[in-house]
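Heads up: the structure comes next, in C-alpha cells.
What follows is the structure, encoded as C-alpha cells:
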C-alpha cells in the first residue's frame, strides 16, 4: 500500500479512534487526524512484528483493525501526555 493509502487509512482510522475515545483534544481535529496517520503506521509495524505477516491491501479487514488499534493507542498516549501538562499548569 502506498503512502497515499496510508494517509487516507490513517485519517479514517483517526476519526474512528476519536469516536471510540471521545474527549476534548487540545489540538483539535487536525491533530487527531495526524495522530490517526501515525497510529495507522504504528499499527502496521505492530502487526508485522506480532503476526509476522505483511500488511494487506487497503480493503483488507486486518489492515483496518491494526490501523484503528494503533490510532487508539497513539490517541490514548496523547491524552495522557496532554492531560498531565494541563494539570501541571492549572
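Numbering (the numbering used here), first residue to last: 2 to 91.
The C-beta atom is built at its ideal place from N, Cα and C for all residues, glycine as well.
- When Cβ pairs closer than 8 Å are counted between the two stretches, the region 38-49 is seen to touch the region 65-72, the count reaching three or more.
- Under the three-state reduction of DSSP, residue 24 is assigned to coil, being neither helix nor strand.
- The distance from the Cβ of residue 58 to that of residue 48 is about 13 Å, inconsistent with a contact at the 8 Å cut-off.
- The C-beta distance from residue 32 to residue 12 rounds to 12 Å, too long to fall under 8 Å, and the pair is not in contact.
- Scanning its chain for C-beta atoms nearer than 6 Å, with the 5 sequence neighbours on each side dropped, one finds around residue 19 the residues 33, in chain order.
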